[in-house]
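**Student:** Numbering-wise (the numbering used here), the sequence shown opens with residue 1127 and increments by one.
Quick reminder that beta carbons are idealized off the backbone N, C-alpha and C, glycines included.
Predicted, not measured: the structure shown is a model, and the values here were computed from it.
Quick one: this structure, given as structure tokens, is what I'll be asking you about.
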Amino acid sequence: MKLSSRIAVPVAALALAGLTATACAPQTSDTSATKDEKSGTLRVWLFQEVNNKPKEQVVDAAVAAFGKRHEGTKVEIEYIPVETRAQRIKAAFNDPKSAPDLIEYGNTDTAGYVKDGGLAEVTEEFNAWDEAKDTDPTARQSVTVDGKIYGAPLFVGVRALYYRTDVFKELGIAAPKSQAELIATAKKVRKAKPELYGLAVGGAYTYGAMPFLWANGGELAQESGGTYQAAVNSPAARKGIEAYTSLFGDDNCPAAKCASMGGNATVTAFASGKAAMAIGGDFSHQAVEAGTVKGKYAVVPLPGVEEGSIAPAFAGGNNIGVLKSSAHRTLAVDLMKSFTGKETQAKLFDAMGFLPTYTDVLADSAKKQPFIEPFVLTLGAGAKFVPASPAWAQIDSSLVLPTMFQEIVSGRKGVAAASDDAAKKMDAAFSSAG
1127 MKLSSRIAVP VAALALAGLT ATACAPQTSD TSATKDEKSG TLRVWLFQEV
1177 NNKPKEQVVD AAVAAFGKRH EGTKVEIEYI PVETRAQRIK AAFNDPKSAP
1227 DLIEYGNTDT AGYVKDGGLA EVTEEFNAWD EAKDTDPTAR QSVTVDGKIY
1277 GAPLFVGVRA LYYRTDVFKE LGIAAPKSQA ELIATAKKVR KAKPELYGLA
1327 VGGAYTYGAM PFLWANGGEL AQESGGTYQA AVNSPAARKG IEAYTSLFGD
1377 DNCPAAKCAS MGGNATVTAF ASGKAAMAIG GDFSHQAVEA GTVKGKYAVV
1427 PLPGVEEGSI APAFAGGNNI GVLKSSAHRT LAVDLMKSFT GKETQAKLFD
1477 AMGFLPTYTD VLADSAKKQP FIEPFVLTLG AGAKFVPASP AWAQIDSSLV
1527 LPTMFQEIVS GRKGVAAASD DAAKKMDAAF SSAG
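Take a look at the structure:
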């Protein structure tokens, strides 16, 4: 078996779920394969990482293991830019001749790609796969639409609370154990050290804000009979929105500076020593280690409303899926298992720091690298996912939630009015998605 790698132009962004496609693409026609060849060339599109070489080595090993099982096959790997994936992948859904057999995709894209008719359903094969029984439930949810499975999880990512141990020691305070204590601590630090943000927050940081909404019992949307209705304007959701937006102000993170900040900006503020706390992912660790706070910080789960509880975090990550147009379905499914199996995920963690989606492999990884323990605890406490609707891509790309937060922190609208407007936009997207 031969391995061929073709590397695309490098990009300056890590592929993480939550970066949702915005590019326009033609409507997808039915491209279902009419044959299942047991030899030939399989083409694979994977995401290009900032530092791609370690990923390539893990992928090459997975392909080699696959090759031992399937003599006479060839695998071509192409690493594609994350930013342009939307147009390219949807175009591939329409053109089987140019389409790959497998793709890596962000887990918030699942429902949209299923609606487009691009992904093959692999429910039977996934359920019969022995390793799949150990898949984290939230990771499994990320490949599931209407009870059917369309791929296998590759890695998962969640966020927790980074805090400055030196600052906390100087002020004689401990890591907060409840949401109210978190907010009070942020403002206490800001008052004592006005040159710092107490907790760096961002009006455009959707996945940093969601834990506040969820911890207060709110939801983004409610599903009934396969359709979704927005719930961001429910009393519980509004309570979470109020908690998050209370952190924007001169007593913590001034709205003039923080309203436009996204997740990367808040982590950068922490890593550069401008904030005493930040909500960052396991995938933020390298950036923080490279900053001025190296050796002066720790990480704990983001606290929930009740003391000692953990706020639900958004479970991001990427999946591997087989295209419906693949003329090598059986081979493609087996290659998917090679890419997403326990051995490969353990190697990806060692090489890239990507969190495994298997509970047992994740536990083993935590023993090797103690820094991920807070993220493992967060996953174990029950992470959450976005609505499994193709409408989510439109909701995310049109900045419905960031607009809501920014309207509130700027004073243009109150929580009730802003959340009502956001709910109307979400319902319009859900309705148009069918």
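Pick helix, strand or coil for arginine 1266, following the three-state DSSP scheme.
**Tutor:** By one-based count along the sequence shown, residue 1266 stands at place 140. Residue state, collapsed to three classes: helix.
**Student:** Within this structure, are the beta carbons of aspartate 1561 and proline 1516 separated by less than 9 Å?
**Tutor:** Outside the displayed span of the chain (1127 to 1560) sits residue 1561, for which this structure offers no information.
**Student:** Rounded to whole angstroms, what is the Cα-Cα separation between alanine 1492 and alanine 1554?
**Tutor:** Here residue 1492 refers to the residue found at position 366 when the sequence shown is read from its first residue. Here residue 1554 refers to the residue found at position 428 when the sequence shown is read from its first residue. Their backbone Cα atoms lie some 42 Å apart in a straight line.
**Student:** Taking 8 Å as the threshold, find out whether the segment 1274-1290 comes into contact with the segment 1459-1467 through three or more Cβ pairs.
**Tutor:** The segment 1274-1290, when compared against the segment 1459-1467, does touch it at the 8 Å Cβ threshold.
**Student:** Report, in whole angstroms, the separation of the C-beta atoms of aspartate 1408 and valine 1284, which I expect to be a contact under 8 Å.
**Tutor:** Along the sequence shown, one-based indexing puts residue 1408 at 282. Along the sequence shown, one-based indexing puts residue 1284 at 158. Their Cβ separation, rounded to whole angstroms, is 7 Å, which keeps aspartate 1408 and valine 1284 in contact under 8 Å.
**Student:** Quick one: what's got a C-beta closer than 8 Å to serine 1304's C-beta in the same chain, skipping five residues either side?
**Tutor:** By one-based count along the sequence shown, residue 1304 stands at place 178. Same-chain partners within the cutoff: Pro1429, Gly1430, Val1431, Glu1432, Glu1433, Gly1434 and Ser1435.
**Student:** Measure how close the beta-carbons of alanine 1300 and phenylalanine 1338 come, nearest whole angstrom, since I'm counting them as under 8 Å.
**Tutor:** On the sequence shown, residue 1300 is found 174 positions in, with the first residue counted as 1. On the sequence shown, residue 1338 is found 212 positions in, with the first residue counted as 1. Not quite, the Cβ-Cβ distance comes to about 21 Å (not below 8 Å), so this is no contact.
**Student:** Checking the sheet assignment: what are the DSSP bridge partners for methionine 1403?
**Tutor:** Along the sequence shown, one-based indexing puts residue 1403 at 277. In DSSP, methionine 1403 forms a bridge with Tyr1289.
**Student:** Here's a check: name, in chain order, each residue in its chain whose Cβ is nearer than 8 Å to the Cβ of valine 1541, leaving out the five neighbours to either side.
**Tutor:** In the sequence shown, the residue the question calls residue 1541 occupies position 415. Excluding sequence neighbours, valine 1541 sits near Arg1364, Ile1367, Glu1368, Thr1371 and Ile1534.
**Student:** Pop quiz: serine 1452 and alanine 1458 are said to be a contact at Cβ under 8 Å. What is the actual Cβ separation, rounded to whole angstroms?
**Tutor:** Counting from one through the sequence shown, the residue named residue 1452 turns up at place 326. Counting from one through the sequence shown, the residue named residue 1458 turns up at place 332. That pair is a contact at about 5 Å.
**Student:** Helix, strand or coil: how does DSSP classify lysine 1551 here?
**Tutor:** If you number the sequence shown from 1, residue 1551 lands on position 425. If DSSP states are grouped into helix, strand and coil, lysine 1551 belongs with the helices.
**Student:** Just verifying my parser: in three-state terms, what is the DSSP assignment at isoleucine 1299?
**Tutor:** Locating residue 1299 in the sequence shown gives position 173, counting from the first residue. Reduced to three states, the DSSP call for isoleucine 1299 is coil.
**Student:** Report the partner residues of phenylalanine 1281 according to the DSSP bridge assignment.
**Tutor:** Counting from 1 along the sequence shown, the entry for residue 1281 is found at position 155. Its beta-bridge partners are Asn1444.
**Student:** Measure the C-alpha to C-alpha separation of proline 1226 and lysine 1383 and round it to an integer number of angstroms.
**Tutor:** For this step, residue 1226 is matched to residue 100 along the sequence shown. For this step, residue 1383 is matched to residue 257 along the sequence shown. Cα to Cα, proline 1226 sits roughly 44 Å from lysine 1383.
**Student:** Using the Cα positions of asparagine 1359 and lysine 1473, report the straight-line distance between them to the nearest angstrom.
**Tutor:** Working through the sequence shown from its first residue, we reach residue 1359 at position 233. Working through the sequence shown from its first residue, we reach residue 1473 at position 347. Each residue's Cα considered, the two are about 43 Å apart.
**Student:** So does the segment 1176-1188 actually touch the segment 1210-1217, counting three or more Cβ pairs closer than 8 Å?
**Tutor:** Touching, no.
**Student:** Please name the residue in Ala1391, Pro1207, Gly1351 and Pro1320 whose C-alpha comes closest to that of glycine 1375.
**Tutor:** Stepping through the sequence shown from its first residue, residue 1375 is reached at position 249. The option with the nearest alpha carbon to glycine 1375 is Pro1320.
**Student:** Taking DSSP as the reference, what is the three-state secondary structure of leucine 1457?
**Tutor:** Here residue 1457 refers to the residue found at position 331 when the sequence shown is read from its first residue. Here leucine 1457 sits in helix by DSSP.
**Student:** What does the alpha-carbon distance come out to for the pair valine 1327 and threonine 1529?
**Tutor:** In the sequence shown, residue 1327 corresponds to position 201, counting from 1. In the sequence shown, residue 1529 corresponds to position 403, counting from 1. Using only the alpha carbons, I get a separation of about 15 Å.
**Student:** Relative to the alpha-carbon of serine 1561, which residue among Val1176, Pro1222 and Lys1200 has its alpha-carbon at the smallest distance?
**Tutor:** The structure shown does not extend to residue 1561, since the chain is modelled only from 1127 to 1560, so the question has no answer here.
**Student:** What ranges does the alpha helix (DSSP H) occupy inside the segment 1356-1444, keeping only unbroken runs of at least 4 residues that lie completely in it?
**Tutor:** The qualifying runs are 1361-1371, 1381-1384, 1389-1397 and 1411-1415.
**Student:** Along the beta strand (DSSP E) that carries tryptophan 1255, what are the first and last residues, could you check?
**Tutor:** For the purposes of this step, residue 1255 is identified with residue 129 of the sequence shown, where counting begins at 1. Looking at the DSSP string, tryptophan 1255 is not in any beta strand (DSSP E), and its letter there is neither H nor E.
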